[in-house]
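Novice:
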Amino acid sequence: MADESKSTIRKYAEAKAYTGDCSLMTAHLLEPDTFKGKTKYKTKLLWPKDKKPVALMKTVDALAKEDFGIGFNKLAYPLVKDGDKYADAHDEKNEGDDEEVGKKEYLRGYYFCDVSTNKKPSLIDHKKDPLSDEAADNLIYNGGRARARLQLATFKGQDGRGVCAFLEVVQLIPGGKRIDGPSSGARLDAAEGFDDVELDEDTFGGDEGEDGDADIFG
């Protein structure tokens, strides 16, 4: 994402978005992570290529058109990225650097986005009940199954225009398959917008319809 210190961020309180089923990667949800002098709670959210987060992408598209007059695909920072294209671009940019080339291979086969927050997000279980840090710790790992509620915001700066996401609530769900990757580390009602989850579902739930995530929105 662009350097927020050089960007103008416009928050939309009404632009709430729900991710549907996704996987955590490099999640820092119990303790914040400090990177380049900034301390934030954050995680990557991943969706397999056959579970494209259509509803989230439509919300981003509508927000971009409202604020910038352009669609999702024209943004320099569209929030949801194609992991294969991102890994290819990273390798091309770092060609000849053996330490960097291949560093983003874990994103291949997924769509992903980066989300963060200055305040610790609310954590709830599959029944929408609050989770203790101890219980949550067992469910936070690379590949951990989750759903999240986000607040979206547009921004523009020296690097271009985009949409970013602030993490509000994470629903942690048992049963996520571990994924190889880097090691990790006044709100609305935390249960609002989430459904109970049956734990005998497949890892990414049942049929969600052609738009995906239909059971989360509405």
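FYI, the numbering for the sequence shown is 1411 to 1628, going by the numbering used here. Ideal placement from N, C-alpha and C gives every residue a C-beta, glycine not left out.
Flag this pair as touching only if the region 1497–1504 and the region 1521–1533 have three or more C-beta atom pairs under 8 Å; answer yes or no.
Specialist: The answer is no - the region 1521–1533 does not touch the region 1497–1504, with fewer than three Cβ pairs under 8 Å.
Novice: Only counting the same chain, and skipping five residues up and downstream in sequence, which positions put a Cβ closer than 6 Å to that of residue 1442?
Specialist: So the qualifying residues of the chain are 1449, 1450, 1451.
Novice: In three-state terms, what does DSSP make of residue 1596?
Specialist: The predicted model places residue 1596 with a pLDDT of 30, which falls under 50 and marks its position as unreliable; any figure quoted below should be read in that light. Here residue 1596 sits in coil by DSSP.
Novice: Given a cut-off of 8 Å on the beta-carbon distance, is the pair residue 1578 and residue 1562 in contact?
Specialist: Result no, Cβ atoms of residue 1578 and residue 1562 do not sit closer than 8 Å.
Novice: Output yes if chain B places a C-beta closer than 8 Å to the C-beta of residue 1571; else output no.
Specialist: Checking the listed chains, one finds no chain B in this structure; it contains a single protein chain.
Novice: Taking the straight line between their C-alpha atoms, what separation do you get for residue 1494 and residue 1522?
Specialist: Answer to the nearest angstrom: the Cα atoms are 10 Å apart.
Novice: Are the beta-carbon atoms of residue 1435 and residue 1591 separated by less than 8 Å?
Specialist: Against a cut-off of 8 Å, the Cβ pair of residue 1591 and residue 1435 comes out as a contact.
Novice: Would you check if the distance between the CB atom of residue 1482 and the CB atom of residue 1564 is smaller than 8 Å?
Specialist: No, the pair does not count as a contact, with Cβ atoms beyond the cut-off.
Novice: From the DSSP output, which residues share a beta bridge with residue 1435?
Specialist: DSSP, once it has assigned bridges, lists 1454 as partnering residue 1435.
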